[in-house]
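Numbering (the UniProt record's numbering), first residue to last: 1 to 262.
See below:
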C-alpha cells in the first residue's frame, strides 16, 4: 500500500459542514493521509492555488450559475479528476441552496444554484447534510482499494460504491429522485419495506420527519431536499450485493484503518 492516490477537496457554494465532517474522522483522517491518500488540493488544508490533476475530487457545495469562476472551477475539476464525488446534499441535490432567490448583501445577483451534476458528470454521490464522518472515510478507503487494491479488494470496493454510483447516474432528475422525504414514502413505505426503525427521522437535519404510529411522517414544507433520510434508510437504495458482503466490507475497512492491528 505504498502507492497513494491523490485526493482533493473542491469547495463550491456551501457551508463547509462537509469538510468539518471529513475532519471529524480525527485520527482516522491521519491514517488515510499517512497510508492511502495525498491531499493535493483543499482551500484550508493544502497549499495549492490552482486545481491540479488528481485521482479523486471531493466536491462540496452547489454551483452558482451567476458566478463564472465557480462554473469554470467545476468544469476544470471534471477535467482534472479521474473520479468526481458529490460530497453532501448541496453538491448532490442542491439542498438548501435550491431555495436561494438572490438579494444577499455581498452578491445580490447570486440567485441560481444547482447541484454539480447539472453542470458536469458525477461518478459518486454521498448525500446528507452533512454526511457522517464514517461514510466519507469509507468512500475514501474504497476509492483507494478500487484504484490500488488487489482484485478481491477491488471487487468489494465496487460492491460498496455501486449504490452510490447508481445515485449519481440518476442525478438530480425529478423523474428519478428529488432527494426529499417523498422518496421515503414512494420508494420505501409504499413498497411495504419500512420497518419503522426511525433512522430517517434521526438523520433529518431540520427535523422534518417525525415517527407516528411506527411510520415516518414527512413535513414537506420543512424539507430542504438534502437526501439524508433516503441515504440513511436501511431499506432504501443499498443493493443486496452490498448487504450480503457487508461483514467483509466492514472487515476490510477496519483492517485499512488499523493497519497495525491495534
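Every residue gets a Cβ at the ideal spot worked out from N, C-alpha and C, and that includes glycine.
Here the structure is a predicted model, which means the values were calculated and not measured.
Taking a contact to mean a Cβ-Cβ separation below 8 angstroms, would you say residue i touches residue j in this structure?
| i | j | result |
| --- | --- | --- |
| residue 41 | residue 10 | yes |
| residue 224 | residue 129 | yes |
| residue 74 | residue 116 | yes |
| residue 147 | residue 161 | no |
| residue 235 | residue 204 | no |
| residue 186 | residue 233 | no |
| residue 36 | residue 4 | yes |
| residue 61 | residue 103 | no |
| residue 151 | residue 21 | no |
| residue 24 | residue 133 | yes |
Report the residue from the options whose alpha carbon sits nearest the alpha carbon of residue i.
| i | options | result |
| --- | --- | --- |
| residue 30 | 137, 234, 182, 235 | 137 |
| residue 120 | 244, 59, 24, 33 | 59 |
| residue 48 | 165, 110, 8 | 8 |
| residue 86 | 12, 64, 65, 190 | 12 |
| residue 197 | 217, 186, 205, 206 | 217 |
| residue 110 | 233, 194, 70 | 70 |
| residue 230 | 108, 88, 142, 80 | 88 |
| residue 55 | 167, 166, 211, 142 | 142 |
| residue 107 | 22, 67, 247, 228 | 67 |
| residue 118 | 153, 65, 247, 246 | 65 |
Hey, how far is the Cα of residue i from the Cα of residue j?
| i | j | result |
| --- | --- | --- |
| residue 1 | residue 38 | With a pLDDT of only 46 at residue 1, under 50, the local geometry of the prediction cannot be trusted, and no value is derived from it. |
| residue 164 | residue 144 | 16 angstroms |
| residue 258 | residue 32 | 10 angstroms |
| residue 201 | residue 226 | 13 angstroms |
| residue 206 | residue 139 | 25 angstroms |
| residue 6 | residue 213 | 48 angstroms |
| residue 18 | residue 63 | 15 angstroms |
| residue 97 | residue 256 | 36 angstroms |
| residue 169 | residue 92 | 11 angstroms |
| residue 127 | residue 254 | 23 angstroms |
| residue 99 | residue 46 | 32 angstroms |
| residue 149 | residue 167 | 24 angstroms |
| residue 57 | residue 125 | 12 angstroms |
| residue 101 | residue 192 | 38 angstroms |
| residue 53 | residue 153 | 25 angstroms |
Can you tell me whether residue i is buried or exposed? The criterion is at least 16 other CB atoms within 10 Å of its CB, across all chains shown.
| i | result |
| --- | --- |
| residue 95 | buried |
| residue 113 | buried |
| residue 26 | exposed |
| residue 156 | buried |
| residue 77 | buried |
| residue 123 | buried |
| residue 43 | exposed |
| residue 251 | exposed |
| residue 181 | buried |
| residue 28 | buried |
| residue 221 | exposed |
| residue 174 | With a pLDDT of 42 at residue 174, under the threshold of 50, the predicted position of this residue should be treated as unreliable, though the coordinate-derived value follows. Flag for residue 174 reads exposed. |
Rounded C-beta distance between residue i and residue j? I'm assuming under 8 angstroms.
| i | j | result |
| --- | --- | --- |
| residue 215 | residue 189 | 6 angstroms |
| residue 208 | residue 219 | 5 angstroms |
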